[in-house]
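Trainee: Please read through the structure below; I'll follow up with questions.
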Amino acid sequence: MSRSDPCFNLFSQDIGELSPPDKFTFPFYYQAHPLCQMAAEQLQQQWLTPNTWRHNFGLDEHDANQQAISKMFGVLVVRNAQGQLGFLAAFSGKLAEQNVLKPFVPPVFDMLTQGSFYTTQSQPINAINQQIQQLESSEQLTQLTQQLTDINQQSELKIKAKQQEIVEARKQRKAQRTAGEANLTALEFKTLSIEMSRQSVQQKHALATLKAQCQLDISQAQTQLSQLTEQISALKQQRKHLSNRLQHQLFAQYQFANAHGEIRDLNSIFAETANHIPPAGAGECAAPKLLNYAYNNQYQPIAMAEFWWGKAPKSEVKKHKNFYPSCHSKCRPILTHMLAGLAVDPDPLLINTAADKDIEIVYQDDDIVVINKPAELLSVAGKKISDSVQTRMKQRFAHATGPLIVHRLDMSTSGLMVIALTSQANKALVQQFINRTVTKRYVALIEGVPTATAGDISLPLRVDLDDRPKQVVCYEHGKTAQTHWQLHKVIDDKALLHLYPKTGRTHQLRMHCAHHDGLGLPIVGDDLYGTQATRLHLHAQQLSFHHPSSNKPLHFDVPADFE
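Quick note: the sequence shown, position 485, residue 484 per numbering that gives the first Met the number 0, numbers continuous.
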């Protein structure tokens, strides 16, 4: 470790045989460089495993009953002014409720600094929070709310009773009128009719008077309640104004440099994004901390990697010690600015790796085409890459009508797809998918062997709003996702599974295999929820449906190249 900078760590092992990369890491899709792997292992052995801060990562049995707070850590291999290679380390957010801890780089801005403007200006906001909490939990609010509810209910009962009274009186008058017509003289019947009309008008007036009195009672109760709720609303509006002003001032303190020496704050960086406002926690992730410290202290960035340390979170797929890319919503705008001026590895997602792969035609007639899609080919054109099943089918079947695509496979998934050549065929096939009469079987090679030989997985999924296109398990807002699986065979220490999705959610099979509440064993080559390999070992092997014109049952089976 450098004497002059406690954040600069020299490698404890010989790195003489390791050559630094030619270009800096593209942080959103990478394989950790060996130097980064060594830096991460050294950090883990020297600092994280001893865990002198007593932070609960959920790894110790005696902390099992407490809430675990796992962390993303980052290492940045750098070269100092003397030409030595070493590394910097950082954690995302806070560690052990602190922002500054040895040997990690400090935050870009430390909100916890005693006497900072954030602490000072948070005080009136906290005072307003207390006022709101007191008013919302006050006995007066409870009483006024209940009083309004009671008056509404009582008024409704009184009005219904009066209306029923009028209905019964009307029946009686009708009976009297009928009897009078038969038994009374003309003069007597006229007198009776006048009296009954008077009674009817009197009862209608009484109902109107009752309704007016009930409405007055409700209005008075509502006015009393509104005086209190409007006070609460005014406090909330005041809190919002103070919070927005404080947030803008806070974001201005987060200033990030790049290799050109240009400095921009969060307000400026996120002004160019769709939401214009930085999300919560922006600038607190490990990667921006590391690069900013390197620029500000004249270190040359060489390579970077981030890894997860601790128990897996409930919703996401995160494995202890695994490397992961930087998140998109918080980090991408910041890192895009910070990487300017560095020679960075190209974004692999902008490279069409399926350009030289052919689509195999499995079956064809006048209505449909069944294909075997190669891995890494998009089903439909993307924002950056236009090459896809859809564009190729349009070129090959120029006479086709309708959208062609009936269903999709993930870009990395290979296998069977049915293409509709006519609008009528498309509608008929789409209806079969909606009715779930289409049967599919996937084959997947997973990282390990499950303890059972078959089972069902039901984990609701939704998109990770902070890191699209990843999915998370969410029982509140997620959509139902169900998969049946069967063990087909064991290959060395891995298992080949047959997967039968009952629903068709994005990344359903990948999440159900990888998530700890599913199989807890990611699919081999899953670069989102596991580790990279030559390809994602997931293949749509079987597809069965009824022909859209003849209604004849059709079944197709194409083996995977990894079986």
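Yeah, the Cβ is synthetic: ideal placement off N, Cα and C, and Gly gets one too.
1) Please go through the same chain and pick out, in chain order, the residues whose beta-carbon is closer than 8 Å to the beta-carbon of LEU134, but skip the five residues on each side of it.
2) Using a 10 Å radius around the Cβ and a threshold of 16 neighbouring Cβ atoms, would you call GLU187 buried or exposed?
3) Would you give the residue range spanned by the beta strand (DSSP E) that LEU495 belongs to?
4) Between the alpha carbons of PHE72 and ILE490, how many angstroms are there, rounded?
5) State the start and end residues of the unbroken beta strand (DSSP E) segment that holds ALA409.
6) Curious, which full-length alpha helix (DSSP H) runs of at least 4 residues does the stretch 507 to 546 contain?
7) Near CYS213, which residues of its chain fall below 6 Å by C-beta distance, leaving aside the five closest residues on each side in sequence?
8) So, does the stretch 453 to 461 touch the stretch 504 to 518, judging by three or more C-beta pairs under 8 Å?
9) Does the beta-carbon of TYR292 have 16 or more other beta-carbons within 10 angstroms, so that it is buried, or is it exposed?
10) Which ranges would you report for the beta strand (DSSP E) in the stretch 400 to 463 if only whole runs of at least 3 residues count?
11) If ALA494 sits next to GLY447, beta carbons under 8 Å apart, how far is it from one beta carbon to the other, in whole angstroms?
12) Taking only the alpha-carbon atoms, compute the straight-line gap between HIS545 and TYR441 and give it to the nearest angstrom.
13) Rounded to whole angstroms, what's the CA-CA distance from GLN162 to LEU209? Just pull it up for me.
14) Identify the residues that DSSP records as bridge partners of ALA39: which are they?
15) Any idea if LEU444 is buried or exposed, counting beta-carbon neighbours within 10 angstroms, 16 or more meaning buried?
16) Check this for me: beta carbons of ALA286 and VAL74, under 8 Å apart or not?
17) Taking the beta carbon of HIS336 as the centre, do at least 16 other beta carbons fall within 10 Å, making it buried, or is it exposed?
18) Using three-state DSSP, classify GLN97 as helix, strand or coil.
19) Should LEU428 be labelled buried (16 or more other beta-carbon atoms within 10 Å of its own) or exposed?
20) Can VAL107 and GLY381 be called in contact, C-beta distance under 8 Å?
21) Are the CB atoms of PHE555 and LEU415 nearer to each other than 8 Å?
22) With 16 as the cutoff for other CB atoms within 10 Å, does ILE193 come out buried or exposed?
23) So, helix, strand or coil for ILE490, using DSSP?
24) Cα-Cα, which of SER411, VAL368, GLN198 is closest to LYS393?
25) Looking only at its chain, what residues have a beta carbon closer than 8 Å to the beta carbon of GLN363, apart from the 5 residues adjacent to it on each side?
26) Between THR222 and LYS203, what straight-line distance do the alpha-carbon atoms span, to the nearest angstrom?
27) Contact between the stretch 296 to 312 and the stretch 51 to 61 is defined here as three or more beta-carbon pairs at a separation below 8 Å; is this criterion met?
28) Excluding the 5 residues flanking VAL437 on each side, which residues of the same chain have their C-beta closer than 6 Å to its C-beta?
29) Using DSSP bridges, identify the partner residues of TYR640.
30) Apart from the five residues just before and just after HIS515, which ones in its own chain have a Cβ nearer than 6 Å to its Cβ?
31) Got a sec, what are the start and stop residues for the alpha helix (DSSP H) ASP59 sits in?
32) Taking the C-alpha atoms as reference points, what is the distance between LEU47 and LEU420?
33) Judging by CA-CA distance, which residue of ARG78, PHE25, ASN50, ALA39 is the nearest neighbour of SER18?
34) Can you have a look at LYS426 and say buried or exposed, based on whether 16 or more other CB atoms are within 10 angstroms of its CB?
35) How about the stretch 30 to 39 and the stretch 8 to 17: do they share at least three Cβ pairs that are nearer than 8 Å?
36) Identify, in the order they occur along the chain, each residue of the same chain with its Cβ nearer than 7 Å to the Cβ of LYS329, setting aside the five sequence neighbours on each side.
Mentor: According to the data block:
1) LEU140, LEU227, GLN230, ILE231, LEU234
2) exposed
3) 493 to 500
4) 34 Å
5) According to the sequence provided, residue 409 is Asp. The question's Ala does not apply to it. Run containing ASP409: none; DSSP gives neither H nor E here.
6) 507 to 513
7) SER154
8) yes
9) buried
10) 413 to 419, 438 to 445, 453 to 457, 460 to 462
11) 7 Å
12) 19 Å
13) 10 Å
14) Answer is none; ALA39 lacks a bridge partner.
15) buried
16) no
17) buried
18) strand
19) buried
20) no
21) yes
22) exposed
23) strand
24) VAL368
25) VAL369
26) 28 Å
27) yes
28) GLN431, PHE544
29) Residue 640 falls outside the range modelled here, since the chain spans only 0 to 562, and no answer is possible.
30) ALA311
31) Counting along the chain, ASP59 falls outside any alpha helix (DSSP H), and DSSP gives it neither H nor E.
32) 58 Å
33) ARG78
34) exposed
35) yes
36) PRO278, GLY280, ALA281, CYS284, ASP465
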